[in-house]
Amino acid sequence: MHLAYPAVLAVLLFSVGVYGVLARRNVILVLMSVELMLNAVNLNLVAFDVWLRDTLHAGQALTLFTITIAAAEIGLGLAIVLLVHRTRRTAAVDGVTALGDRHEADTEEVAR
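Per full-length UniProt numbering, numbering of the sequence shown is gapless, rising by one per residue and ending at 112.
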């Protein structure tokens, strides 16, 4: 297997993920785009592990760590999105501007 095929696929996946992070306004879609980017990294790790014929399989071990971190990131991200949606009634990135209470953010905007 040539290394170019998975590398090109990983570049395409990563590019779609970057576009999704930069262009989307929905937090769920941004999280999905981050997952695409992490999957592109995983694909590169496994492809280079196979290409280098590493006896320790370091690329596959790092891929397992990356998958674990991605699962934790999605769990925490979705919990934060649900909490913000309950309090602010929006899942848009632009709608969430301040991290404090909604009333505190409104009084700060009035003071400016």
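Where is the CB? At the ideal position from N, CA and C, for every residue including glycine. Treat the numbers as computed from the prediction; the structure is a model and nothing was measured.
query: Just how far apart, CA to CA, sit Q60 and V93?; result: 34 Å
query: Using only the alpha-carbon positions, how far apart do L13 and L36 sit?; result: 6 Å
query: Using a Cβ-Cβ cut-off of 7 Å (strictly less than) and excluding sequence neighbours within five positions of V27, which residues of its own chain qualify?; result: V81, A91 and V93
query: If you reduce the DSSP assignment to three classes, tell me which class A92 lands in.; result: strand
query: Cα separation between V50 and G95?; result: 45 Å
query: Should T87 go down as buried or exposed, given a rule of 16 or more other Cβ atoms within 10 Å for buried?; result: exposed
query: Throw me the rounded Cβ distance for the T63 and L45 pair, which I believe falls under 8 Å.; result: 5 Å
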